[in-house]
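**Student:** Take a look at this one; I'll ask things after.
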Amino acid sequence: MSDSLSHSNSPTLRDRYLALIDQIVQITLKGQIRSKEQVYQMLAQQVVPGTAEIFERCLDERTMEIEHEIETVKDELKQAKATRSQRAIKTIASEWERAAAQNRAASAIAKAAEQIGASEPAYLLADLLQVIDPNQKQALTIAQLKQLAAVLKQQATAIESEMATEVQQVAMGIDRGLQSWQHLEGYLVSWVYDGGQSAIGFENVPGQRGPWALWAKQVNSPIPQALFQTLALERSLLEWTTQQYFHLDDWVEMALILQFLQRGLVGWTEQRIYDAKLGSSLAISCFLTFAAVWGELANGFMQATSLNSSHRERLADGCFQIALQILRAFAQKQYFPLYGGVFASFNGGHLQSALDYLDLPLRQVEGTQEKARILTLLGYSQQAVGNYHQATQFYDRALEIARAAEDVPCEIADLNHLSRICVAKKQYAEAIDYSQRALLLSRQVGDKLGEANALANLGYSEVYSAQAIERLEPEVYEMAIGYLQQGLKLSQQLNDRQSLSLCCSSLGAAHLVLSQPQAAIDYLQSGFQAAQASGDLYLQGLNLVNLAEAYYGLQQTEKAIYVGCIGMYMLERIASPEWRQAAGLLTILQGQMGQDAFQKVLAQYRPQFMTAIGVDGYDYIPQLLANYR
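Numbering (the UniProt record's numbering), first residue to last: 1 to 629.
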């Protein structure tokens, strides 16, 4: 829009805008306007930027006058003319909306470019990521990002400082990121349908399934290509990052590519309306995987000695910022898993690094509902890897924020998680107290999901409490089993696989305590299947380890070895200390059977192992047992 009109004199500007509206109406009535585009061009050329409010008031004024004329004029010719004028006014209003949107976009791009151009090197990435944050109400489109890159290139030529090179690299990174995304967009989900795959989970056999290998073939830039290859083979992102030298444009390109991939995958999964549960499960996997990727990249940049300290720190901080943006978007989703964690794709050491670094940016965020939910998510992850102290800190902080934000479902979830941790620490009275509070609160507000988990935790706590003090009265265990059965029934009604798995796992563990292995097997098998459907690696491994104990109790040794090895591998992969429970049982069986007989069982089940954990997992079993000893 031009600056041909001065807005130093508001009344004059009002008169001119009224005259402009009247002019468009008159030439429309005379048939001199042949397309809406002509109206758009007149508005774009003659409405001054920053004066939209004045023009809109003028448009409202003329609209009301014409409506009044239509209602009051009796003469048919005059009324017909007024009706035609009303149609012209509606055309002006619709084209003004288009022109105003373009104006807002142009203003946003100009403002963004000004913010980036005026930034200092240490804050350049932070300012850029704020500008391209997809959580904004008016997130920049691909076309607008292209315009931003063009404006930044122009600005770079006018900057007389070291920032000129930095701004130029940002622009180059945006351009390359958009070009790479154009190559990848057609392959966003094609890999799901290749080879009859029906899931999108990022926990498949290394190098054989999943999107990373395909995407590596479709992108031309060396850094994104190497990143995808590293992820495809499940190699350490930390080690890979420390071995690379990242220019600023490389990092920006990578950031845009991953952002578009993550948003595209989430959007695709959310549209899978034929199976809402499947869609939400896949979306959860996408959010958690990309957040974990950025956490691991941050870890790598912090240790990258090939970069100078200031460059290293700002790249790591940029990774934190993107991870936080992903988690904030995730926390606002209806399907956000208050009873799940971050271990979609990383093994133990890598997962722990991601958890540690995801915690850092959260310390700088004010107390919000989103922060409480993210802390709950991280707490569950820390709980799964056995960091009970850290998990308790997360839950306590989340509980405080959730109460202040009046996020009752989150508050209930934190009470439930704290109950579970207390059982793990053998603090049974505290566990019962937390679960009772969660149960009471969930019933008060009608949170059925929270109630199902509270019932599972209460029954679980009661069983272990009674066992600890050697209470053998049947009615004590019957009451506890009753709570667990209620939780299971409610989980089935809700069709919530995560809660269903927890309830089945708890019932299986309770029957093991009561020396009823056959009853335990039925529950644990169902619990494992539900955990698979929900994508919870921790509950999958936990159910399998307890299943091995149940088979051992029935002297079904081969089955105990098979499920015990898989459970051991899965739990060790996410650094859960409970892998040692399975390793202990397997070591006992190995001693009882002898090394040769034990190896024969492993060889017998090799095809099943290959399907479940791949050749790397199968080959790793002897090493895990050696590590345990």
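Cβ coordinates follow ideal geometry from the N, Cα and C atoms, glycine included.
Which residues in the same chain as residue 225 place their Cβ atom closer than 8 Å to its Cβ, once the five residues preceding and following it in sequence are excluded?
**Tutor:** Counting only Cβ-Cβ distances below 8 Å, and skipping sequence neighbours, we find 216 and 219.
**Student:** Cβ of residue 534 within 8 Å of Cβ of residue 580?
**Tutor:** No. Outside cutoff.
**Student:** Under three-state DSSP, which class holds residue 121?
**Tutor:** Looking at residue 121 - three-state DSSP - the assignment turns out to be helix.
**Student:** What residues in its chain sit with their C-beta under 7 Å from that of residue 100, if we drop five residues either side in the sequence?
**Tutor:** Closer than 7 Å at the Cβ level, and outside the excluded window around residue 100, lie 52.
**Student:** Hey, out of 421, 407, 405 and 406, whose CA is closest to residue 630's CA?
**Tutor:** Outside the modelled stretch of the chain, which goes from 1 to 629, sits residue 630, for which no answer is possible.
**Student:** What separation, rounded to the nearest whole angstrom, lies between the Cα atoms of residue 476 and residue 482?
**Tutor:** Cα to Cα, residue 476 sits roughly 10 Å from residue 482.
**Student:** State the start and end residues of the unbroken alpha helix (DSSP H) segment that holds residue 614.
**Tutor:** Its alpha helix (DSSP H) spans residues 606 to 628.
**Student:** Closer than 7 Å by C-beta to residue 530: which residues in its own chain qualify, once you throw out the five before and the five after it? Chain order, please.
**Tutor:** Closer than 7 Å at the Cβ level, and outside the excluded window around residue 530, lie 497, 500, 501 and 504.
**Student:** Determine, using beta carbons only, whether residue 238 and residue 296 come nearer to each other than 8 Å.
**Tutor:** Yes, they are a contact pair.
**Student:** Which residue wins for smallest C-alpha separation from residue 125, given the options 317, 429 and 449?
**Tutor:** Checking every option, the nearest Cα to that of residue 125 belongs to 317.
**Student:** Can you round the beta-carbon distance between residue 285 and residue 221 to whole angstroms, since I take them to be within the 8 Å contact cut?
**Tutor:** About 26 Å separates the two Cβ atoms, so there is no contact after all.
**Student:** Evaluate contact between the region 537 to 547 and the region 519 to 526, counting only Cβ atoms and requiring at least three cross-stretch pairs below 8 Å.
**Tutor:** These segments touch.
**Student:** Classify residue 201 as buried or exposed, calling it buried when 16 or more other Cβ atoms lie within 10 Å of its own Cβ.
**Tutor:** Residue placement at residue 201 is poorly supported in this model, since its pLDDT is 43, which falls under 50; the coordinates still yield a value, given next. Its Cβ being crowded by 16 or more others within 10 Å, residue 201 is buried.
**Student:** Roughly how many whole angstroms lie between the Cα atoms of residue 176 and residue 242?
**Tutor:** Taking the straight line joining both Cα atoms gives about 23 Å.
**Student:** Compare the Cα-Cα distances from residue 266 to each of 327, 340 and 607 and report the closest residue.
**Tutor:** Out of 327, 340 and 607, 327 has the C-alpha closest to the C-alpha of residue 266.
**Student:** From residue 337 to residue 377, what distance separates their C-alpha atoms?
**Tutor:** Rounded to the nearest angstrom, the two C-alpha atoms are 7 Å apart.
**Student:** Considering only the alpha carbon of each residue, which of 75, 20, 119 and 167 lies closest to residue 96?
**Tutor:** Out of 75, 20, 119 and 167, 20 has the C-alpha closest to the C-alpha of residue 96.
**Student:** Residue 543 lies in the alpha helix (DSSP H); which residues open and close that run?
**Tutor:** Run containing residue 543: 537 to 553, per the alpha helix (DSSP H) assignment.
**Student:** Can you tell me the Cα-Cα spacing of residue 621 and residue 597, whole angstroms?
**Tutor:** Whole-angstrom Cα-Cα distance: 15 Å.
**Student:** In chain order, what residues of the same chain have a beta carbon less than 6 Å from the beta carbon of residue 452, not counting five sequence neighbours either side?
**Tutor:** Contacts found: 487, 490, 491 and 499.
**Student:** First and last residue of the alpha helix (DSSP H) that includes residue 37?
**Tutor:** 36 to 46 is the extent of the alpha helix (DSSP H) around residue 37.
**Student:** Between the alpha carbons of residue 157 and residue 119, how many angstroms are there, rounded?
**Tutor:** Distance between the alpha carbons of residue 157 and residue 119 is about 16 Å.
**Student:** Let me confirm a value: residue 387 is counted as buried when at least 16 other C-beta atoms fall within 10 Å, else exposed. Which label applies?
**Tutor:** The residue in question, residue 387, is buried, as its Cβ has 16 or more Cβ neighbours within 10 Å.
**Student:** Starting from the C-beta of residue 290, find all residues in its chain whose C-beta is less than 8 Å away, skip the five residues before and the five after it, and write them out in chain order.
**Tutor:** Within the same chain, residue 290 has close Cβ partners 258, 261, 262 and 326.
**Student:** For the alpha helix (DSSP H) containing residue 414, name the first residue and the last one.
**Tutor:** Start and end: 408 to 424.
**Student:** Tell me the DSSP secondary structure of residue 109 in three-state form.
**Tutor:** Residue state, collapsed to three classes: helix.
**Student:** Whose C-beta lies closer than 8 Å to the C-beta of residue 590 among residues of the same chain, with five residues either side of it excluded?
**Tutor:** Same-chain partners within the cutoff: 598 and 625.
**Student:** According to the Cβ coordinates, are residue 384 and residue 538 closer than 8 Å?
**Tutor:** In contact: residue 384 and residue 538 (Cβ atoms closer than 8 Å).
**Student:** Could you tell me the boundaries of the alpha helix (DSSP H) in which residue 151 lies?
**Tutor:** Per DSSP, residue 151 belongs to the alpha helix (DSSP H) from 142 to 158.
**Student:** Need the endpoints of the alpha helix (DSSP H) that residue 247 sits in, please.
**Tutor:** No alpha helix (DSSP H) holds residue 247; DSSP gives it neither H nor E.
**Student:** Whose C-alpha, out of 553, 112, 584 and 554, is nearest the C-alpha of residue 568?
**Tutor:** For residue 568, the nearest C-alpha among the options comes from 584.
**Student:** Give the range of the alpha helix (DSSP H) segment to which residue 66 is assigned.
**Tutor:** First-last of the alpha helix (DSSP H) with residue 66: 52 to 72.
**Student:** When you compare only the Cα positions, how much space is there between residue 80 and residue 48?
**Tutor:** The straight-line gap from Cα to Cα measures roughly 33 Å.
**Student:** Around the C-beta of residue 197, are 16 or more other C-beta atoms found within 10 angstroms, so that it is buried, or is it exposed?
**Tutor:** Because residue 197 sits at a pLDDT of 47, beneath the cut-off of 50, its placement in the model cannot be relied upon, and the point is left open.
**Student:** Taking the alpha-carbon positions, what's the residue 381 to residue 147 distance?
**Tutor:** Their backbone Cα atoms lie some 41 Å apart in a straight line.
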